[in-house]
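Scroll down for the structure; my scribbles are underneath it.
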Amino acid sequence: MAIRLHMNHDLSEEKQSVLHLMPCKIYGDESANVSTYFTPYIREVDDKVYNSSFRGYPLQGKKITLPSGYKGITFVEHKKPEVEHVERNLYFTGAFSHFTYWNYDKLPSKNDSLAAAMDWIDIAEALHSTES
7 MAIRLHMNHD LSEEKQSVLH LMPCKIYGDE SANVSTYFTP YIREVDDKVY NSSFRGYPLQ
67 GKKITLPSGY KGITFVEHKK PEVEHVERNL YFTGAFSHFT YWNYDKLPSK NDSLAAAMDW
127 IDIAEALHST ES
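Numbering (this note's numbering), first residue to last: 7 to 138.
Rendered as structure tokens:
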């Protein structure tokens, strides 16, 4: 199955998207103009931890900045295939250099799976770099 990524933008000129990784699953595949209806009130607890809420549930979050030399990009698939093994088309929707991830019932820490995965970027670079 081929996956085609369609990008008609220069990433250096692209406006940065605001991303929040929420600890929930939304069962729906329709488009939603989230920024019109959801602008969270975020309170900075200290320089690394944020408090907010979503539908009455308290959230504790942390801003993650992508490592130097990396840029995040987001895509959307307008029409999902009805069968497997067919070509899929994903279209560029935005770019980001940081995002905020949220936990329901605990402070963000290095033990969170997302934080641990981000650490692997530095580890992989160290393992695969050539000695100089």
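For glycine and all other residues, C-beta sits at the position ideal for the given N, C-alpha and C. All values reported here derive from a predicted model rather than from experimental measurement.
- Taken in chain order, the complete beta strand (DSSP E) segments of 3 or more residues contained in the stretch 40–100 are 56–60, 63–71 and 78–82.
- Membership of H134 in the alpha helix (DSSP H) is indicated by the continuous run S119 to H134.
- Of the residues assessed, W126 falls on the exposed side of the cut-off, its CB having fewer than 16 other CB atoms within 10 angstroms.
- In summary, P87 is exposed, with fewer than 16 beta-carbon neighbours lying within 10 Å of its beta-carbon over all protein chains present.
- The beta carbon of A101 is closer than 7 Å to those of L17, E20, Q22, S23, K77, G78 and I79 in its chain, skipping five residues each way along the sequence.
- Taking H84 as the centre and dropping the five residues before and after it, the same chain places the C-beta of N95 and Y97 closer than 8 Å to its C-beta, in chain order.
- Between I48 and S59, the alpha-carbon positions lie close to 8 Å from each other.
- From the listed residues T45, Y107 and Q66, the smallest Cα separation to V51 is found for Q66.
- Going by C-alpha positions, E36 is about 22 Å away from M13.
- Pairing S41 with P29, the inter-Cα distance amounts to about 18 Å.
- For Y107, the pairing in a beta bridge is given by DSSP as L27 and K68.
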